[in-house]
Each structure stands twice: as structure tokens, then as C-alpha cells.
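J.: Top line first, the protein sequences correspond to chains U and Y. With my numbering, letter number 96 in the first sequence gets 96, and the count goes up by one each step, no holes. Converting from the second sequence to my numbering requires adding 629 to each position, the first position being numbered 1.
2 protein chains.
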Amino acid sequence: MTSQKSDSAMSPKITGELLRQLRQAMKNSKYFSEPIQAYIVPSGDAHQSEYIAPSDCRREFICGFNGSAGTAIVTEQHAAMWTDGRYFLQASQQMDNNWSLMKMGLKETPSQEDWLISILPENSKVGVDPWIIAADQWKNMSRALTSAGHSLVAVQDNLIDAVWTDRPERPSTQLRYLGLNYTGMSWQEKISALRAKMTKGKVTWFVATALDEIAWLFNLRGADIEYNPVFFAYAIVGMNTIRLFVDLKRLSVPALRDHLQLDSPCKPEMRVHAYPYESVYSELQAICAAHSPKDKVWISDKASCALTQVIPKIHRTPIPYTPLCLAKAVKNATEIQGMKMAHIKDAAALCELFAWLEKEIPKATVTEISAADKAEELRSQQKDFVGLSFPTISSVGPNGAIIHYRPLPETNRTLSLNEVYLIDSGAQYVDGTTDVTRTVHFGTPSAYEKECFTYVLKGHIAVSAAVFPNGTKGHLLDSFARAALWESGLDYLHGTGHGVGCFLNVHEGPCGISYKTFADEPLEAGMIVSDEPGYYEDGAFGIRIENVVLVVPAKPKYNYRNRGSLTFEPLTLVPIQVKMMNTELLTQKERDWVNEYHRICREVIGAELERQGRKGGLEWLIRETQPIA
Amino acid sequence: MTSQKSDSAMSPKITGELLRQLRQAMKNSKYFSEPIQAYIVPSGDAHQSEYIAPSDCRREFICGFNGSAGTAIVTEQHAAMWTDGRYFLQASQQMDNNWSLMKMGLKETPSQEDWLISILPENSKVGVDPWIIAADQWKNMSRALTSAGHSLVAVQDNLIDAVWTDRPERPSTQLRYLGLNYTGMSWQEKISALRAKMTKGKVTWFVATALDEIAWLFNLRGADIEYNPVFFAYAIVGMNTIRLFVDLKRLSVPALRDHLQLDSPCKPEMRVHAYPYESVYSELQAICAAHSPKDKVWISDKASCALTQVIPKIHRTPIPYTPLCLAKAVKNATEIQGMKMAHIKDAAALCELFAWLEKEIPKATVTEISAADKAEELRSQQKDFVGLSFPTISSVGPNGAIIHYRPLPETNRTLSLNEVYLIDSGAQYVDGTTDVTRTVHFGTPSAYEKECFTYVLKGHIAVSAAVFPNGTKGHLLDSFARAALWESGLDYLHGTGHGVGCFLNVHEGPCGISYKTFADEPLEAGMIVSDEPGYYEDGAFGIRIENVVLVVPAKPKYNYRNRGSLTFEPLTLVPIQVKMMNTELLTQKERDWVNEYHRICREVIGAELERQGRKGGLEWLIRETQPIA
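What follows is the structure in C-alpha cells.
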């Protein structure tokens, strides 16, 4: 799936009183010696998570807009909110007249910096919570304001929290630990590997701030953020010490204490010292105070400004991708096995779903929402199901053309024999994470729908079957997915693929397949990404074909400079609807790819459906995997 | 052609005495208040030109190595020179024992900064000529040295020049002006267009430092640098003033004075004020001193540190591509017509060359050097020939695998019926610049040679025939050129294409087709680039197929979001040897492309050869453009 968030509340939030209180707080000497003239409310949390917990939805609280991307700024006279093209409509519906919508990407829209500079009185102070602004964003904003005679100020108390009387607590869900049968590597081994990289990088400390990296490092999972099995924590790893910052109550479960060896004797350098979540700031301060002048600290350049600035500049080594991010991306044999298992179960559920849809749709009782619910129900019957990995995109006809659509009661369409249906969905299982999109027609697709589908399929196959040298970055494959569409003057305005975690976030770095990135890391055997080209005809239909694929070694005829070659192996094994294809547009190679893919689907998922006694799904699978001529 | 320089002097230069003198100068109080402990000698000139004049070959002078890329650093004890993989062998042959060769790209090789920091005594001063180091390089080096307690110092007098007693003068060749029939746009119109962009960018001054941009702006050409029809100059353009900094003697020719309207009455804002080349520093200083606080100055971020730092930071707006660079890249109708004419003449010369080679080779008297000479001779017979656009790469068998090969007496091979021959060559004509590579066999190529050639051809066609949306950056097309090679485990280690000037530099920005760049500007109709995939089998043969191609609008079936589509039209019209193709590996579409290309070659170049009465070339052309089945 591609990335976004939308929700049901489409009437504007009334914000007059809230803004009055916030402006009051901006002058309140409790928070600062001098009043501030503007306050910035970014949309992230202290860990720069893509999905955030309800307690972190501060931008939504103050302006009403609940999309995934947006920044609000409140001054004494104005209130404005910047978001991108995906959200113009939604934001205009969710915000009242107190707010100006700043449409990013349009030429006439000023940047936040330029807007602030144009309206602020001379010598103004602009405040922001340094915990929810990333260090690099702080730097840019601060530089722009300073050059215009203003200043950016870190406001330690969050002013939204000050006026948000019924703000939810930060979640502190039960932690789950994963054994070697799921992780393939103990946390002690991961710590050792991390330290080896630190030694090589001549670094003595590493500060982990990304929640999925910390979950991966300690082989722990939580449920603090919907769809993402992570928990609020920080970690600081030195050559002889491991500090985990987390709500200490969570560590009271004996089995968990065992897993982390909190009470048993162990080598001092493998002893985990648990600290309260909030103490990371003071502990990092203490560590830095005790630094020798040569000590270097690794921290992600996307970490919060607050934590980054604790580290004196001469010790600080900001990195685009941490060693944990890189290690986590290359799945080991156990993780790959788990991902395969998860995808088999997921495919079984989807085959059953499509068989059920075919039966029910003629009754005209199935809607986008009920289809999504049915998909969740069928997945939840699978072993080790934990939850969805993102909100299901279930869309009929014109709704399919809204790339980040999510069915709401007021937009909910009924599935029929006359329109294209696109479903992009996935789940978290204890053994792996899934993400799959299929586009199907239950009646007779038009020639144009089939033509577009076939171009998308050609792109999907071009990536999936690509052979490329070791060391190739994913962005170099993006054009393969578009060539067939381009040749007919078509395109799609999103990337082609993203990294996928193993029972972790469905979007993860540092690899992907997109024309937008350049600083991605080279693809390596064991990495897992999605392959999801699409085509969207506004007001008519949407098409996307998405598999999760594993990077595997390839064995072409030659081996130039012994570099070795790579290709992809699909983990997703759900038939691609032949009815939607114009097979005349496919080359023989592409037809062979489809037939071989369907052969594997039938063999692997057929056995699973049989084992599970799911006859409807099995019949559907057999029919949908007939070879094409 | 790809980019490089090598030369004939392969015995090491004796540098002991020179180094002694340089180290003396590093302590000489004539140049600075305190001695410096290290001196950096970059390879560029004050305009960051790719090719440089003999007077600027300072790095070559001090160490003996004359490749196109390399930086020398001399300390009190050490002398080291950094260069990349293309030049390891050449550099080791050209430098004596006083020098350590620093092989860039190898893991064990320290960066210049790290090396300096590892060997310098505390608190050292490192000197560099601020005119030949680019502003961004200065910044990085300075930052690294400062963080280690050292400092980077701008040494105004070049210390190499101080010890280089027989240093050649800076060239000051005769200037040539181009009429509207060549340029399609007067320099006054170009100035007006530049000022319009400055107004839009809210900028009041523009400093031009790149020699090809200045030549283009004033519709002037020189011959100061071999292969590049440019002349040493700077230009500063304000909203009401135009200042040209150039050796004033060059402007004494009446026709030139007329062209620049130096003596005739004209609007004051179109008056060109000519200043001595050396006065650019003091004039820019004076301009900046008179600045209002809101004045902004555009300067390329690749301009020299010296000139960049004249502009106070708050006025300075460094830009990756100047408006001249962008305007120059999009050729107008007159320039396109000129480029087409130049390519027709160039193709006629090459057809004649290949016909001559076929006749002469059996006598075993043609060598790489004599073939290159013959190519030059035949080109020089064409109308408006000025000179070569780069040193001809003429290579037989294993020499072809050396990507930047240039035949030298000691490597010169004889062309035969048994080896592959690769010739990459081009010329400057008054109406345009050419650059073409053909790979041919005069006997019977092996199956493997044909197979590799065919993969390269498939890549060449994939780029040339690609249809892509307006706004696409060239680097997104790079993988198309490699897909067929990758599929068989092969690849080539250079980019696929570069921008080509119109009677200007054969390499120009801001567009190109390479996996290495990301900050290239989108391709636009009217831009001209090369399409030159290759394959190099070390010790055996090299293959490259290069056409210069023009970006043109395409008209595919659909037009998504009215973005419009683009494709390429080959300007180079020289047959691609069918004998080298394994046509069974080509798809029908690829065969059609070859036949259509050869049809046009025959039609257009055939007519020209006929007109010129070149029967040998014409017969060869007719035979080589027979359609394939």
C-alpha cells in the first residue's frame, strides 16, 4: 500500500475557544521569559513515527484536520495549516474559518518560513516543541527565521498539551517477546553486531530513537500505535552498557524480565539497564558530560531536535540510516521463513474473500466497508493473526482513483458487476507482515480498463522479473514499472515500492523503489519490498497490482566482474485476475511469467486451503490460476 | 564520448627539486604572515572547466600526472596525489618516488581531509589557491580541518606559479562572433531573457563564471582551450548594466566591437562595459559594497571560492544551475537546424572513413593513430569545420576495453580483420558539435562479440525509442540502457549520456542520462544529449554505440493529466554495423527501429554524399543500410 490517513469526521472542528486558550498560553510566563509570537505544531511524535498514537495527534486536536501529513502554525492574529495535494479536500472540510489552508505544491502557496517572515512583527520569537521536530527541520527553519531577524525557540512544555484537557495518556500496552523461532537472532547477538559496526565506525555510543528499530533490537513487540507493533521507548547502546528507556511498569512480567535477563547473572556488557522513558534526556546528558573529547555518538538525522542537541556538536555524528535500520532490512533465514508463512496464510484468507465476494456481490449487499470487514474477519481466523498492518483500502469504481482512499459511511459504495474493485490490505501475524493489492472485476471489464490493467501488469512484471547487479539501488528500477504506461502516455503519481518489516511496520527504510529517492541503500539479498505500480483514471476507476517481493540472488549467463546479480521472488501468492488482462498486449515472456506465478499460487496456496478445508477459496484459486495461452 | 584525458609522457617526472622549491615557498613570508604546513593543488582552472589550458595544468606540473582528475597535496614531509580508478596505472607511471598515489574508491584509501588530519602537527595551516577551488569544496574541506583544530587558508599567490618558471601564458586567441543565422537569438535578447529570470527570482545581480555560458551569452567563440571553443572571461549582469571581463586586446577588432555595440549608441542597459579579465574581483567587490541590504546575487555553487566569498553571505544565492546553463541547454530552432547540418556533414565524413578503412585494412597499414588522423582529415574537408570536439578514441581489440583510451605510439595497434574496432570521435563545426561512437568488425566477429554488441544495441534503442512524460529527469532513463545487459549478468561502469553544446563544449549540463546524478534538470524538448551504452571485456574488446539525440515531443495514444510526452530523435546518422548484430536476439520492434534508422541514414546522408561526389562513402552507406529481415 502507499501511505496516508483519513477519517470519518468530515464536519469542521470548532476551534475559536481553543485558539484563544493557545494564544493565552503563548503569552504565559509560566512557559518562557518572553512571550512568543508564533507556535508551530508539527504532525509527528517524539520518534518521528509515520503512524502516531492518539496522545500525539496534537495538530489534529488544534485544527481538526486528521490526515497523516500537515503542519499547523498559530500566531497572535492568524492560524494556518500546510498539507499536500492528497488532503486539500479533506482538510478544507475538517477545519473551520479560523484556519487558512496552505496548499503545498501550488506556486502561490508560501513556505512556512516565508509566510512567517511576511506576517511577523520585527524580532519575533517562534516556538516549537523540540521533541516533535526533527533535527534537520529545526536547522532549516531556524536558519530562515534568523536570517530575517527572528528566532526559533525550543518550548519545553508542549502548549497544545497545556490546553488539551482530555488528552489521552501515552499508550503503554503489554509487551510481547519473540523467541529465536521467530527472530532467528537473539537480542544479545544483535547488540554484538551493532557494537561491531560501532567499532568499525569509530563510534562509542549509539542512540536509538525509531520505535521499530528498538522493537527489532530487543526482539520485543507492543501495540502502542495502531497497525504498528511497536512500543514507546529509547535505547542508548555503548560498548559496555545497554540502556533501555521505557515505562518501567511494562517490565514487571517475569517472562519478559527473563527475556531481557534483567534479574539473572550475565556479562556486564550484556546487562540491560532499564530507565524510565522520560529520563532519556538527563541520562544522555550525563553520558555526554562524561565523554572523552574523542567519543563520537551516532544518532539518526531524523531524531528529535531535543535529543540531538543534547549531544555536543563535536561528539555528534548524524546518520541518514542507523546500523539497526540497515540490519533490520536484511531479513535472516528465520524471518524469511516467517514472512513466507504469513503470506501463505494471508493468501488463503484472500482467496476465501474473493470466492465469498463472487457469491455475495450479485445480491448487492456487499459494500466497500463490509468487504473490508470480511477481509479482516477471514484474516483473523488465520494462525498467529495480531491485527491489520494498515487501514484497508477497499474501493469501487471512481473511489479507486483516490490513491489513499479509505471507505467512510458517506462515501461507501456497493460492489457490483459493473465496476472495477480495488482492495489494498494487509495484516500483522506474529511470523510476518503482509501488504497486497488486487484489482478485479466481477462482471465484464471494458476494453480500456483491461488495456490499462495490462500496462500496469507489464510494469509489475518488469520489476518483479528484473535482473540487476548487486549494489543496485531500488530507485534505479522505478522506471521499469512505468515504461509500458509511458509508451501509451499514462503514468501514476506515487512510488513503486517500499520496504516491509517482519512483524513490524509495513513501511520501513532504507530501501524502496521510487523515483523520489536517491539516498536509498542498495538492494541486498534478504531485503523485502513491495512492487505496486498502478493507474488511476479520475472519476472512473483505479488499478494497482501489488506483491511483496523478496530480493534473491539471480544466476544469469555471465557474471561481470564477479559482482553477482539479484532478482525478486514474490512472497505474495494471490492470483492476478486474468479477466482483467488483454493478453494480446503481453509478450511471450510476460505470459510465461503470469503462468509460472499462477502455477506457484495454485501449488502453495492450494495445499494450504486444502489443509484448512476451505473449499470455496480452493475452487476459486483453481479457476483463477488456469494458464493463459 | 565519456570523459577523460591521458597523454604520451609515460616515464615519471623528476620532482625532487620542484618539491624542494614549493616547500620553500610554503615558508616564504612573501606570501603569508605565518608558514603553511600543507598546500593543496586541485586540477581545475578559475572557471572550473572540464578541459583546461596548458597554463592551468598546475597539478600536472608539480607531480607529472596529466589525467583529467586528480588533486595533489604537499606537506613538509609528504607529497600525495588522489585520483580515481581510470587513472591508477597512468598515475603510477607518470609520478616519481616522491609521490604517494592515493587510489580513490578503495576502502583503505583515506580521504584528503582524513589524510591531512592524520599527519599534520597540531594547529596546522593548509593553504589553497581560492581561485581554483570551488566554493562547495572549500566549505567541506574547511569544515573538516577546523573540526580537527587546523585551518584552511586562502593563499592569494599561487605557489605552483611561483616555482613554475616556464609557465605558459594564459591563452588569448582570436574571438569569433556568431550571427543570428547560427545562434537564432541575439545576445541582447539573451540578456533580456536572463533579466526576466532575475526579476522572477528577485535577484539583482548575476555573476557568470563558466566559460561556455559566457560564450553562449554573447554569441562569441574563442579557442583558448583545446576542443572547447571558449575564451577566458567573466561576466556580471545587473538590471541596468552588463560587464564583460576579458583581455581587452581581444576586443580591438572592429567587427567584434560592432557585434558587441561597444562604440555605437544604444540603450544604457544594453551597453556592454568591457573590463580587464583580472579586475572581476575588485569590480564585484565594488558592486557588493554599493548593495542595498535586499540585493541578491546569483552565482553558481561551482564557482571559485575566491569570487563567491567576495559576495557577502546575506547577498549571496548560490545555485546549482545558472539561468544561462538552463537556457543554453534548450536549443532553439536555428541551433537545432545547425546541429542537424553539422551531424549530416559529420556522418558523410564517417561513411567515407569506413569505406576507406575497408579498403586499406587488408594491407595492414592502418593503425589506431592513422585511422584517427584520417577521420580528422575527412572531417576537416567538411564545410565550417573548426576542429575536433575531443581527442579521438580509436581502439582495436583489447584497447577498446579501456574506456578512456587514447592511442599513443607505445600502445598503437594495427587495425585488422580479426579484432573489433571502436572509434569515438567528434568535431566542432561553426553550426554545431558532434560526438559519435561506432563499433565495427572488418572480418567475422565471434558469437560472443555479437551477443554483447546486440545487448548494447538493445540498450541504445531502449533509450532512443523511450517515450516518457514531460518533466522526467534523464537519470530515470539510465536503467533502460542496461536492462538487456543486466539480464545476462553484464553491465558498463559509466553513465549513458551527457548534454552536448551547439558549437560549444561536447559535455554540458544540466541534463544527462546517468545513474550517478539525481540533481539533473528535467528533459525538455530542444535539449540534446548523447545515448551511449557500452560493454567492455577486459583484455579482449570494447563495444559502445553512441548517437547524439534531440529531445522531441511524442504523441502517444493517451495524454495523462495533459502532461504531454517526449521521446528522442537521433541527430547522428551513421549506420550501425548489422554484421555485429545477432538479429535473433532482437524483438520485432527493435528490428523495425534499426531498419527505420538505416532508412533515414540512407536517405539523408546518401543525398549529402551524392552532393559531395563521395562515391566510396555512398556505396558503403547503401550496403550498410540494407534492411534486416
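Glycine is no exception: its CB is placed at the ideal position from the N, C-alpha and C atoms.
In angstroms, rounded to a whole number, what distance separates the CA positions of A638 of chain Y and P1038 of chain Y?
T.: The residue you call residue 638 of chain Y lines up with position 9 of the second sequence. The residue you call residue 1038 of chain Y lines up with position 409 of the second sequence. With a pLDDT of only 48 at A638 of chain Y, under the threshold of 50, the placement of this residue in the model should not be trusted, and no figure is reported.
J.: Please state whether the Cβ-Cβ distance between T856 of chain Y and Y1034 of chain Y is less than 8 Å.
T.: Taking the second sequence and counting its residues from 1, the one referred to as residue 856 of chain Y is at position 227. Taking the second sequence and counting its residues from 1, the one referred to as residue 1034 of chain Y is at position 405. In the sequence as presented, Thr is not what sits at residue 856 of chain Y; that position holds Tyr. Result no, Cβ atoms of Y856 of chain Y and Y1034 of chain Y do not sit closer than 8 Å.
J.: Note down the Cα distance separating A764 of chain Y from Y1144 of chain Y, rounded to an integer number of angstroms.
T.: Stepping through the second sequence from its first residue, residue 764 of chain Y is reached at position 135. Stepping through the second sequence from its first residue, residue 1144 of chain Y is reached at position 515. If I take the Cα positions, the gap works out to 25 Å.
J.: Going straight from the alpha carbon of R1190 of chain Y to that of L745 of chain Y, what length do you get?
T.: The residue labelled residue 1190 of chain Y in the question sits at position 561 within the second sequence. The residue labelled residue 745 of chain Y in the question sits at position 116 within the second sequence. Cα to Cα, the separation comes out at about 54 Å.
J.: How big is the Cα-Cα spacing for K452 of chain U and F1097 of chain Y?
T.: Taking the first sequence and counting its residues from 1, the one referred to as residue 452 of chain U is at position 452. Taking the second sequence and counting its residues from 1, the one referred to as residue 1097 of chain Y is at position 468. In the sequence as presented, Lys is not what sits at residue 452 of chain U; that position holds Cys. Cα to Cα, C452 of chain U sits roughly 16 Å from F1097 of chain Y.
J.: Comparing alpha-carbon positions, which option in U:N140, U:E108, U:A144 and U:G105 lies nearest S124 of chain U?
T.: Taking the first sequence and counting its residues from 1, one reaches residue 124 of chain U at position 124. Per the Cα distances, U:A144.
J.: Closest to E189 of chain U by C-alpha separation, out of U:N140, U:R221, U:L260 and U:D45, would be which residue?
T.: Translated into the one-based positions of the first sequence, residue 189 of chain U becomes position 189. The shortest Cα separation from E189 of chain U among U:N140, U:R221, U:L260 and U:D45 belongs to U:L260.
J.: Opposite Q428 of chain U in the DSSP bridges: which residues?
T.: Locating residue 428 of chain U in the first sequence gives position 428, where the first residue counts as 1. According to DSSP, Q428 of chain U bridges with U:G387 and U:T433.
J.: T994 of chain Y: buried (16+ other C-beta within 10 angstroms of its C-beta) or exposed?
T.: To locate residue 994 of chain Y, count along the second sequence from 1; it is residue 365. By the 10 Å Cβ count, T994 of chain Y comes out exposed.
J.: Across the segment 440-458 of chain U and the segment 576-586 of chain U, are there enough close Cβ pairs to call them in contact, namely three or more that are closer than 8 Å?
T.: Yes: the two stretches touch, three or more of their Cβ pairs being nearer than 8 Å.
J.: If I follow the unbroken alpha helix (DSSP H) through G606 of chain U, where does it start and stop?
T.: In the first sequence, the residue the question calls residue 606 of chain U occupies position 606. Residues Q588 to R611.
J.: So with CB distances below 7 Å, who are the chain U contacts of P1185 of chain Y?
T.: Position 556 of the second sequence, counted from the start, is the residue given in the question as residue 1185 of chain Y. Neighbours of P1185 of chain Y on chain U, chain order: E487, S488 and G489.
J.: Could you tell me which chain Y residues have their CB closer than 7 Å to the CB of P469 of chain U, listed as they occur along the chain?
T.: Along the first sequence, one-based indexing puts residue 469 of chain U at 469. Near P469 of chain U (Cβ distances below 7 Å), the residues of chain Y are W1115 and D1120.
J.: Going by the CB atoms, is the gap between R599 of chain U and L621 of chain U shorter than 8 Å?
T.: Position 621 of the first sequence, counted from the first residue, corresponds to residue 621 of chain U. Position 599 of the first sequence, counted from the first residue, corresponds to residue 599 of chain U. Going by C-beta atoms, L621 of chain U is not nearer than 8 Å to R599 of chain U.
J.: So the candidates are U:D157, U:Y177, U:P121 and U:W131; which of them puts its Cα closest to the Cα of H150 of chain U?
T.: The residue you call residue 150 of chain U lines up with position 150 of the first sequence. Considering only alpha carbons, the answer is U:P121.
J.: Beta-carbon of N562 of chain U versus every beta-carbon of chain Y: anything under 8 Å?
T.: For the purposes of this step, residue 562 of chain U is taken as the residue at position 562 of the first sequence. So no, N562 of chain U is outside the interface.
J.: Does N399 of chain U have its Cβ less than 8 Å from a Cβ in chain Y?
T.: The residue you call residue 399 of chain U lines up with position 399 of the first sequence. Output row for N399 of chain U: interface = no.
J.: Counting beta carbon pairs with one atom in the segment 1011-1026 of chain Y and one in the segment 1042-1054 of chain Y, are three or more of them shorter than 8 Å?
T.: The segment 1042-1054 of chain Y is in contact with the segment 1011-1026 of chain Y.
J.: With 8 Å set as the bound, which would you pick, yes or no: does the beta-carbon of F835 of chain Y sit closer than that to a beta-carbon of chain U?
T.: For this step, residue 835 of chain Y is matched to residue 206 along the second sequence. Judged by the 8 Å Cβ criterion, F835 of chain Y is not in contact with chain U.
J.: Name the DSSP bridge partner or partners of T83 of chain U?
T.: Within the first sequence, numbered from 1, the residue matching residue 83 of chain U stands at position 83. Answer is U:K103.
J.: If we count the other Cβ atoms within 10 Å of its Cβ and call it buried at 16 or more, is Q4 of chain U buried or exposed?
T.: Counting from one through the first sequence, the residue named residue 4 of chain U turns up at place 4. Here Q4 of chain U scores only 44 on pLDDT, less than 50, and its place in the model should not be relied on; the value that follows carries that caveat. Result: buried.
J.: I'd like the list of long-range same chain contacts for A306 of chain U, defined as Cβ closer than 6 Å, with 5 residues on each side in sequence excluded.
T.: Taking the first residue of the first sequence as position 1, residue 306 of chain U is located at position 306. Excluding sequence neighbours, A306 of chain U sits near P130 and W131.
J.: Does I943 of chain Y come within less than 8 Å of chain U when only Cβ atoms are used?
T.: Translated into the one-based positions of the second sequence, residue 943 of chain Y becomes position 314. Interface residue, yes.
J.: Contact criterion: CB-CB distance below 8 Å. Does N505 of chain U meet it with respect to chain Y?
T.: On the first sequence, residue 505 of chain U is found 505 positions in, with the first residue counted as 1. No, N505 of chain U lies away from the interface with chain Y (no Cβ there is under 8 Å from its Cβ).
J.: Could you check whether D295 of chain U and T146 of chain U sit closer than 8 Å to each other, using their CB atoms as the reference points?
T.: The residue given as residue 146 of chain U occupies position 146 in the first sequence. The residue given as residue 295 of chain U occupies position 295 in the first sequence. Their beta carbons are not under 8 Å apart, which means T146 of chain U does not touch D295 of chain U by this criterion.
J.: Determine the contact status of M95 of chain U and C63 of chain U, defining contact as a CB-CB distance below 8 Å.
T.: Within the first sequence, the letter at position 95 stands for residue 95 of chain U. Within the first sequence, the letter at position 63 stands for residue 63 of chain U. Yes.
J.: Any beta carbon from chain U within less than 8 Å of F860 of chain Y's own beta carbon?
T.: To locate residue 860 of chain Y, count along the second sequence from 1; it is residue 231. No, F860 of chain Y lies away from the interface with chain U (no Cβ there is under 8 Å from its Cβ).
J.: Cβ of K1142 of chain Y within 8 Å of Cβ of G1171 of chain Y?
T.: Start at 1 with the first residue of the second sequence, and residue 1142 of chain Y comes out as number 513. Start at 1 with the first residue of the second sequence, and residue 1171 of chain Y comes out as number 542. The question names Lys, yet the displayed sequence has Ile at residue 1142 of chain Y. Not a contact, by the Cβ cut-off of 8 Å.
J.: Does any residue of chain Y bring its CB to less than 8 Å from the CB of L194 of chain U?
T.: Working through the first sequence from its first residue, we reach residue 194 of chain U at position 194. Chain Y contact via Cβ: absent.
J.: I want to see whether chain Y comes within less than 8 Å of D84 of chain U, judged by CB atoms only; does it?
T.: One-based indexing of the first sequence puts residue 84 of chain U at position 84. No, because no Cβ of chain Y sits closer than 8 Å to the Cβ of D84 of chain U.
J.: With DSSP as the reference, label T1291 of chain Y as helix, strand or coil.
T.: Because chain Y spans 630 through 1258 in this model, residue 1291 of chain Y falls outside it and cannot be assessed.
J.: For T870 of chain Y and Q21 of chain U, what's the separation of their Cα atoms in angstroms?
T.: Counting from one through the second sequence, the residue named residue 870 of chain Y turns up at place 241. Counting from one through the first sequence, the residue named residue 21 of chain U turns up at place 21. So the alpha carbons of these two residues sit roughly 55 Å apart.
J.: Compare the C-alpha of E60 of chain U against each of U:R23, U:I14 and U:E508 and name the closest.
T.: For the purposes of this step, residue 60 of chain U is taken as residue 60 along the first sequence, with counting starting at 1. The shortest C-alpha separation from E60 of chain U is found at U:I14.
J.: How would you write the range of the beta strand (DSSP E) that N1176 of chain Y sits in, first residue to last?
T.: By one-based count along the second sequence, residue 1176 of chain Y stands at place 547. It spans N1176 to A1183 - the beta strand (DSSP E) in which N1176 of chain Y sits, taken as one unbroken run.
J.: How many angstroms separate the CA atom of G714 of chain Y from the CA atom of I990 of chain Y?
T.: On the second sequence, residue 714 of chain Y is found 85 positions in, with the first residue counted as 1. On the second sequence, residue 990 of chain Y is found 361 positions in, with the first residue counted as 1. So the two alpha carbons sit approximately 33 Å from each other.
J.: Could you please give the first and the last residue of the uninterrupted alpha helix (DSSP H) stretch that includes P883 of chain Y?
T.: Here residue 883 of chain Y corresponds to residue number 254 of the second sequence, with the count starting at 1. First-last of the alpha helix (DSSP H) with P883 of chain Y: P883 to H888.
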